[in-house]
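Following: one structure in structure tokens, then a few remarks.
There are 2 protein chains.
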Amino acid sequence: MAQDLSRFFEPRSIAILGVSRGEVRFGGASFLSYIRQSRYAGRVYPIHPQAEEIQGVKAYGDLKALPEVPDLAIVSVPAAHVPGVLGQCADAGVRHVHILTAGFGETGTVSGRRLEESVAAIARERGLLVIGPNCMGAYCPRSGLTLWGAVPGEDGPVGVVGQSGAVLQRLTEHLGSLGLGVGKAASIGNATVLDATDWLAFMAEDPGIRVLALYVEGAGNPRRFHHLAREVCRRKPVILLKGGESPAGAATASSHTGRMAGGHGLWDAACRQGGLVMVRDMDEWADAILAFSLLPAPAGPGVFLVGGGGGHSVIHADACVREGLEVPPLSRASMEALRRSVPRAGSIVGNPLDHWLTFADPAVMGQMLDLAGADSNVHMVMADRLIGRKAFHMPEMPDPTPGTIEAVKGCPERKPTVFTVDSDGGDPALAAQGAAVRASFCRAGIPAFPSVPRAARALAHLWRYHRRFAT
Amino acid sequence: MAQDLSRFFEPRSIAILGVSRGEVRFGGASFLSYIRQSRYAGRVYPIHPQAEEIQGVKAYGDLKALPEVPDLAIVSVPAAHVPGVLGQCADAGVRHVHILTAGFGETGTVSGRRLEESVAAIARERGLLVIGPNCMGAYCPRSGLTLWGAVPGEDGPVGVVGQSGAVLQRLTEHLGSLGLGVGKAASIGNATVLDATDWLAFMAEDPGIRVLALYVEGAGNPRRFHHLAREVCRRKPVILLKGGESPAGAATASSHTGRMAGGHGLWDAACRQGGLVMVRDMDEWADAILAFSLLPAPAGPGVFLVGGGGGHSVIHADACVREGLEVPPLSRASMEALRRSVPRAGSIVGNPLDHWLTFADPAVMGQMLDLAGADSNVHMVMADRLIGRKAFHMPEMPDPTPGTIEAVKGCPERKPTVFTVDSDGGDPALAAQGAAVRASFCRAGIPAFPSVPRAARALAHLWRYHRRFAT
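Chains P and E supply the protein sequences, listed in that same order. Here the first sequence is numbered in the working numbering, starting from 1098 and rising by one per residue. Here the second sequence is numbered in the working numbering, starting from 1098 and rising by one per residue.
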């Protein structure tokens, strides 16, 4: 069913049409510059009517002058010239085209809409596969094609499709900074020829992609999208950020990608019925992707909350329950074990567990994970990883993070386990420390979140998805 | 009506009962240590039956041996001895007592409840004012009494009352790192003698406190609390984090401060009817406090969203509307001005405004604020302050934050204006930069938040409060 779009991600050669000789800021020239900086190992051909070379790369007068038919053409000529250039691509035997250029249906003008219609017609008649127009195109670290993200660009299990280059850039960098690689991403803009459904269909068949993340403003045929998404998410989680829920958002979407983003109620209902994971903002999106990428299925909604501080225990339990999780009583055996081992003063034995040593002593954390593993009331563990705030007068001590990671990984009966590391506020040193600790956990395969409410929401998504699609 | 509790915050002398000579970790000895490190200028008297001095401070055998009647006694003796020590305090003429010791009603034991009842009875009979038991007591930077927070400890307009020392420590440090001072805070623990209502009544009368923040697990007399809070919040915003909404949270609250935290539905309804600002977690609490402390009343719910990126504009508009704000069309005059000044390529003119120069050029940001000031559809401004992510291939440029702050402060018709600075993920350098930029804005009196949804929620609280209590 799905079209093979792999050549977009792994082109052996790329021609760039519409690349200026002057200052490198936007358009084809910037893409040429990125390709030269990236690890892309294929051949690159700037096309220019006069230039002998651009940025030190040999240039060609037109596509027919090239020594081969390029796998991919990146088109950055002015919008009015795009139909003509598409014809040239077809004439030269190019099949995969990325149209970077904007100025089509999203302008809201008759001429823009007509131009976009002609792009669609030419692609249909000549059998072109087109990503765009008005988009950043494909991203694929394995082939060094990380044109729109000078991020570490590691390969990984996440596949992203979206109608906003900036949103996808931000997501890719966010996940990359936590050590989670995006294996393939497609910024599809107006999605005139290949739409979100086509890209979803392709990614769904990709064995390297385990988790699908979508940012959609509108689909050409919503019914087709929902039909496919419903089928895909039985096999792989589809985490959807749908833009245009509000009238102001929908109007902006129309000016952004020319898509009618209205009918949010219908979208929302169809997606939920279909089992898609619906998120509302960038942070919730990234958090859910992290949880789905790193965690196995929980067997139930019961979270064991491990941390310290009576007030925080109360607030954290409330947050978990509010998100649809449960904070169940521990088994009798667990309670007896805790009563034996937890010092009475300044602690609360139960779930949540208020036990300050879990912050500082990896061995104690390991005991709690063993206890959770053996307790059938518990299905997940959420541990608060306090970092040294000035307000707590905490003594200097060695960073317990490496030992804690070992304790988690060494737990034989480990249930889905996450950490929360709060470093909010305006203290740069604390913020840096929090980011580093979260990254350490995530790179070790253990999700870490900046707050309990965010962790709880991510786990609730995970639990609901697996409850529905339990095998 | 309100009792004068100011001596708790500005004691001229403090006696500490239950201070060990050994290692300084908990209890009275740690408080003595903090007082010595803090800027507290009053006199300190450790009480010890044998010691001549403790931590280099002259010690006394009992309260009667002191050269004066201390303004405040901090009691850290074992729970069983507390009633006796309270009697000694009363005999010596001490009126203000802070009971640090835990082990009362929160233990759930008959003996613990009886001990707590005897504390209440002695206080009533002997006319003692008691903070606690089971709490960290008072915090007041102006008098150097920042015992439970080695935070910068600046004076400020925020008053905090709460039943968790750790929660209050974390809040105080969070706000302090953004340059927002907590003028007075009271960690009141079991709140046996003076309860949340008494502390609220006192802070409500304090002319230095403009914004009240409460963390409450339970009040001895909820009806009295709601009656007072309803009256207070006509004069000052009362921002309430209520612990124990969930059964698991309520059970933990009972083990934490001995309070029955149930009946959340009634609490919630009474608080909302009364006009309290109800928040759900630490971040929302801090965000709302920031907005209420720094911003004037908005005249309506209309937000002008200034930033860049079409997808982000869509998502940000959705987030504002979801929180109850509006993202109205701009006036015809504003639209004409924008069409003249905003480059067409890569921008979207409207609300949200997608205009990348607002990130980089303070003068352009100033123009947008002037435009918002003159546009009667707009009541607030939320500007996205992008910091240089690797994914955006942004050129090195001077930090626009100082110029942007000047532009905001120099805007003659400024409406309530906030910035959002996203630095989420696991990159320590980005996280540090984000925290520093947010702190710069906040220290200049301009709230800055880590995300648009958080900013939107804070502004929605602000708008609803002022709509209700408009003068």
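All C-beta atoms in this analysis are idealised placements derived from N, C-alpha and C, irrespective of residue type, glycine included.
For residue j and residue i, the rounded distance between their alpha carbons
{"i": "E:A1375", "j": "P:R1377", "result": "Reading off the sequence shown, one finds Met at residue 1375 of chain E, where the question assumed Ala. Between E:M1375 and P:R1377, the C-alpha separation is close to 22 Å."}
{"i": "P:I1306", "j": "P:H1563", "result": "18 Å"}
{"i": "E:N1287", "j": "E:S1352", "result": "10 Å"}
{"i": "E:G1224", "j": "E:R1192", "result": "7 Å"}
{"i": "E:A1504", "j": "E:R1140", "result": "47 Å"}
{"i": "E:A1310", "j": "E:G1259", "result": "8 Å"}
{"i": "E:A1177", "j": "P:S1444", "result": "19 Å"}
{"i": "P:D1252", "j": "P:R1239", "result": "6 Å"}
{"i": "P:R1320", "j": "P:A1326", "result": "10 Å"}
{"i": "P:D1496", "j": "P:S1537", "result": "12 Å"}
{"i": "E:P1272", "j": "P:G1447", "result": "Note on identity: in this sequence residue 1272 of chain E is Leu, with Pro being the wrong assignment. Rounded to the nearest angstrom, the two C-alpha atoms are 31 Å apart."}
{"i": "P:P1304", "j": "P:G1256", "result": "11 Å"}
{"i": "P:R1109", "j": "E:D1472", "result": "53 Å"}
{"i": "P:H1361", "j": "P:G1371", "result": "15 Å"}
{"i": "P:Q1541", "j": "P:R1535", "result": "The sequence shown places Ala at residue 1541 of chain P, not Gln. Whole-angstrom Cα-Cα distance: 10 Å."}
{"i": "E:L1163", "j": "E:E1214", "result": "29 Å"}
{"i": "P:L1265", "j": "P:S1548", "result": "23 Å"}
{"i": "E:A1552", "j": "E:M1379", "result": "14 Å"}
{"i": "P:I1144", "j": "P:A1112", "result": "7 Å"}
{"i": "E:Y1075", "j": "E:S1117", "result": "The structure shown does not extend to residue 1075 of chain E, since chain E is modelled only from 1098 through 1568, so no value can be given for it."}
{"i": "P:A1296", "j": "E:N1474", "result": "Note that residue 1296 of chain P is Trp in the sequence shown here, rather than Ala. So the alpha carbons of these two residues sit roughly 40 Å apart."}
{"i": "E:N1318", "j": "E:E1150", "result": "43 Å"}
{"i": "E:E1203", "j": "E:G1340", "result": "15 Å"}
Contact check, residue i vs residue j, beta carbons under 8 Å
{"i": "P:I1219", "j": "P:A1283", "result": "no"}
{"i": "P:D1458", "j": "P:T1517", "result": "no"}
{"i": "E:S1410", "j": "E:L1402", "result": "yes"}
{"i": "E:A1529", "j": "P:A1528", "result": "yes"}
{"i": "E:M1454", "j": "E:C1508", "result": "The residue you asked about is not Met; residue 1454 of chain E is Leu in the sequence shown. Contact flag unset, no."}
{"i": "E:L1197", "j": "E:V1172", "result": "yes"}
{"i": "E:V1478", "j": "P:S1343", "result": "no"}
{"i": "P:G1522", "j": "P:I1484", "result": "no"}
{"i": "E:A1217", "j": "E:T1289", "result": "yes"}
{"i": "P:E1277", "j": "P:P1395", "result": "The identity of residue 1277 of chain P in the sequence shown is Leu, whereas the question assumes Glu. For P:L1277 and P:P1395, no; Cβs fall outside 8 Å."}
{"i": "E:A1414", "j": "P:T1354", "result": "no"}
{"i": "P:F1566", "j": "P:V1515", "result": "no"}
{"i": "P:L1183", "j": "P:V1154", "result": "no"}
{"i": "P:P1393", "j": "P:V1308", "result": "no"}
{"i": "E:Q1100", "j": "E:F1299", "result": "yes"}
{"i": "P:A1557", "j": "P:E1433", "result": "no"}
{"i": "P:L1291", "j": "P:L1226", "result": "yes"}
{"i": "P:S1274", "j": "E:D1524", "result": "yes"}
{"i": "P:Y1131", "j": "P:L1268", "result": "no"}
{"i": "E:R1554", "j": "E:D1365", "result": "no"}
Endpoints, beta strand (DSSP E) assigned at residue i
{"i": "P:D1481", "result": "1477-1481"}
{"i": "E:A1170", "result": "1169-1172"}
{"i": "E:P1344", "result": "Counting along the chain, E:P1344 falls outside any beta strand (DSSP E), though it belongs to the alpha helix (DSSP H) covering 1344-1354."}
{"i": "E:F1401", "result": "1400-1404"}
Where the alpha helix (DSSP H) containing residue i begins and where it ends
{"i": "P:S1438", "result": "1429-1438"}
{"i": "P:Y1562", "result": "1549-1565"}
{"i": "P:V1194", "result": "It is not in any alpha helix (DSSP H) - P:V1194 instead sits in the beta strand (DSSP E) that spans 1193-1196."}
{"i": "E:T1501", "result": "1498-1506"}
{"i": "P:G1125", "result": "1124-1134"}
{"i": "E:T1294", "result": "1293-1302"}
{"i": "E:S1274", "result": "1262-1274"}
Whole-angstrom C-beta distance between residue j and residue i, which should lie under 8 Å
{"i": "P:V1313", "j": "P:L1373", "result": "Incorrect: roughly 10 Å between the Cβ atoms, too far for contact."}
{"i": "E:S1261", "j": "P:G1408", "result": "2 Å"}
{"i": "P:A1469", "j": "P:K1512", "result": "6 Å"}
{"i": "E:R1133", "j": "E:Q1147", "result": "The pair is not a contact, with the Cβ atoms about 21 Å apart (cut-off 8 Å)."}
{"i": "E:G1234", "j": "E:H1195", "result": "4 Å"}
Return the residues of the region 1301-1312 of chain E that lie within a Cβ-Cβ distance of less than 7 Å from chain P, sorted by chain order. The residues in question are Y1312.
Discussion item. What are the residues in the region 1131-1153 of chain E lying within 8 Å of chain P by C-beta distance?
Written reply: Y1131
Using a beta-carbon distance cut-off of less than 9 Å, what residues from the region 1409-1433 of chain E approach chain P? Contact residues of the region 1409-1433 of chain E toward chain P are H1409, S1410, V1411, I1412, H1413, A1414, D1415, A1416, C1417, V1418, R1419, E1423, V1424, P1425, P1426 (C-beta to C-beta distance below 9 Å).
Can you pull out the residues from the region 1364-1384 of chain E whose beta carbon lies closer than 8 Å to at least one beta carbon of chain P?
For the region 1364-1384 of chain E, residues whose beta-carbon sits nearer than 8 Å to a beta-carbon of chain P comprise R1377, D1378, M1379, D1380, A1383.
>> Taking beta-carbon pairs under 9 Å, can you tell me which members of the region 1445-1462 of chain E lie near chain P?
In response: I1445, V1446, G1447, N1448, P1449, D1451
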